[in-house]
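Colleague:
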C-alpha cells in the first residue's frame, strides 16, 4: 500500500476514490471476512477479486490444459495478467468416487473419459508436461498441486462446485440442474462440499468456496424456486462452515445464477419466509455471486439495470438491500477473437470499476484454450479462452489488453 499517515489530503482523496485494495506483503492474510459490501483480510484491508475460471469439473474431472503446459506455467500466465484469484471448478462425482473406492488415478480418469487409445496418449502428454505427476497420481492430488502453486505465486483459490456428474455445464437437460435432478443427489452434494472444505484446510491460498454453480430448472420444468433454494442452500452452507470455519461462502441464485434480488432484498420467498443474514452465525462470511452473459446487449444502461435488479444493489448502498454483502461476478466472458470491444465487455468493465463505494470483484470465463473433452468432442477448442489451443500464448492480444486493463483498474 502506498500510503503515509503524513499526508492527510492524500488519504482524503483515496477515501473518495474508493477503499484501499490489499496488496499486502504478508500473504494471504486469511481468513477473510465481510464488512458490508466489502471483503476484508485479517489486516482489515479490503480484498477485491480479479481473476479467471480454471475448469476442472468436466468428464475427466481434472483441471484442463495439463497435457499442453505445466501447472506452474499456467499459473504464471494467470499471474502475468496481474490477477489475484482462480475459480477452480470441480465435480461432486470426484468426491463420490473417493468415498466409493472407485479408481481416481490420472490413468483411470483419462482412459475412462477419452478411451484407451486417446486416454493413454493424453496421459503421457500430461506426465511429460508435469513430471512430478505419475500414472497413479489422483485427481485430488492434482488439485493439491494447483493450490500449492497458487500459494507460491500468491493467487487466491476459490473452489467452485460446478456440477455433480462430471460433464460440460450447463443446460436444463444435463441432469445437474436442480436439487434432486438425475445426477444431483443432495446428500452427496452436501457431503462433497464438506469434504472439499475440510480437505482445503491444508491449502494456504484457499480463501473462499461456492455452494453450487448455475442452479436452473430441470428438463421437466421443476425447480428454480426460492423455497427449495432456501431448504437446500442454507443447510449446505452450514455444513461447509462446520467442516471448515475459515472460508468465505458464496451463495448463487436462480436462473443460471442471474437472480439474487429476492434474497438480497429480504423479500418473502413464497412461503412467508425471508432470508436474513443475521440468522446465520457466519453472516460475516457470506458473499453473493452472480453471472452475466448479456453478450448481445446494445445499451450499457440495460446491463447495469439488470445487474442492479439481480442483486448488485447490495454494492450500491441501496436501502432496499437489507442483506448487504459483497457481490462477485464469478462468470462473464466473450469470444476472444471479437468480443472485447463489444458494448457488453466494455460495460461490465465500466460498471464493476465505478461502483459506488469501491470496485467489485470478478472472475472471467475462461483461461482454457481447449478442453480434454467437451460434449463428446475431444481436444475441443475454446474461442472464449484467454489462452490459445495449446495454452502456450494468449489467443488475441487485443482481448488480453482488455483483461489486463480490467485487472489494473480493479486492483489499482
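Numbering (mature numbering (1 follows the signal peptide of the UniProt record, and there is no 0)), first residue to last: -17 to -1, 1 to 395. Here a beta-carbon is modelled for each residue, glycine too, at the ideal position from N, C-alpha and C.
Could you tell me the distance, in whole angstroms, from the CA atom of residue 273 to the CA atom of residue 313?
Modeller: In the chain shown, counting from the first residue as 1, residue 273 sits at position 290. In the chain shown, counting from the first residue as 1, residue 313 sits at position 330. The alpha-carbon atoms of residue 273 and residue 313 are separated by roughly 6 Å.
Colleague: May I ask you to report which of helix, strand or coil DSSP gives residue 194?
Modeller: If you number the chain shown from 1, residue 194 lands on position 211. For residue 194, the three-state secondary structure derived from DSSP is coil.
Colleague: So, residue 35 versus residue 348, is the Cβ gap smaller than 9 Å?
Modeller: Along the chain shown, read from residue 1 onward, the residue named residue 35 stands at position 52. Along the chain shown, read from residue 1 onward, the residue named residue 348 stands at position 365. Closer than 9 Å, so yes.
Colleague: Taking the straight line between their C-alpha atoms, what separation do you get for residue 355 and residue 61?
Modeller: On the chain shown, position 372 is the one that residue 355 refers to. On the chain shown, position 78 is the one that residue 61 refers to. Rounded to whole angstroms, residue 355 to residue 61 spans 20 Å at the Cα level.
Colleague: Could you tell me if residue 426 is buried or exposed, where buried requires 16 or more neighbouring beta carbons within 10 angstroms of its beta carbon?
Modeller: With the chain covering only -17 through 395, there is no way to say anything about residue 426.
Colleague: Between the alpha carbons of residue 309 and residue 64, how many angstroms are there, rounded?
Modeller: One-based indexing of the chain shown puts residue 309 at position 326. One-based indexing of the chain shown puts residue 64 at position 81. Taking the straight line joining both Cα atoms gives about 24 Å.
Colleague: With residue 22 as the anchor, note down where its alpha helix (DSSP H) starts and where it stops.
Modeller: By one-based count along the chain shown, residue 22 stands at place 39. Per DSSP, residue 22 belongs to no alpha helix (DSSP H); it is in the beta strand (DSSP E), 21 to 23.
Colleague: So, helix, strand or coil for residue 182, using DSSP?
Modeller: Position 199 of the chain shown, counting from 1, holds the residue named residue 182. Of the three classes helix, strand and coil, the one that applies to residue 182 here is helix, per DSSP.
Colleague: Since residue 401 and residue 141 should fall inside the 8 Å C-beta cutoff, what is the C-beta to C-beta distance between them, to a whole number of angstroms?
Modeller: Absent from the structure is residue 401, since the part of the chain shown begins at -17 and ends at 395.
Colleague: Pick helix, strand or coil for residue 35, following the three-state DSSP scheme.
Modeller: Counting from 1 along the chain shown, the entry for residue 35 is found at position 52. Strand, per DSSP.
Colleague: Residue 327 to residue 276, Cα distance in whole Å?
Modeller: In the chain shown, residue 327 corresponds to position 344, counting from 1. In the chain shown, residue 276 corresponds to position 293, counting from 1. If you take the alpha carbons of residue 327 and residue 276, they lie about 8 Å apart.
Colleague: Can you tell me which of 144, 362, 22 puts its alpha carbon nearest to the alpha carbon of residue 340?
Modeller: What you label residue 340 is simply residue 357 of the chain shown in a count that begins at 1. Checking every option, the nearest Cα to that of residue 340 belongs to 22.
Colleague: If you measure between the beta carbons of residue 322 and residue 316, is that distance less than 9 Å?
Modeller: Against the chain shown, residue 322 aligns to sequence position 339. Against the chain shown, residue 316 aligns to sequence position 333. In contact: residue 322 and residue 316 (Cβ atoms closer than 9 Å).
Colleague: Closer than 7 Å by C-beta to residue 163: which residues in its own chain qualify, once you throw out the five before and the five after it? Chain order, please.
Modeller: If you number the chain shown from 1, residue 163 lands on position 180. Excluding positions up to five away in sequence, the list reads 169.
Colleague: Assuming residue 71 and residue 129 make a contact with CB atoms under 8 Å, what is their CB distance in whole Å?
Modeller: Numbered from its first residue, the chain shown carries residue 71 at position 88. Numbered from its first residue, the chain shown carries residue 129 at position 146. The Cβ separation is near 6 Å, so the contact holds.
Colleague: Roughly how many whole angstroms lie between the Cα atoms of residue 376 and residue 264?
Modeller: Here the question's residue 376 lines up with position 393 in the chain shown. Here the question's residue 264 lines up with position 281 in the chain shown. The alpha-carbon atoms of residue 376 and residue 264 are separated by roughly 45 Å.
Colleague: Round the Cβ separation of residue 379 and residue 319 to the nearest angstrom and send it over; I've been treating them as touching at under 8 Å.
Modeller: Locating residue 379 in the chain shown gives position 396, where the first residue counts as 1. Locating residue 319 in the chain shown gives position 336, where the first residue counts as 1. Right, their Cβ atoms sit about 5 Å apart.
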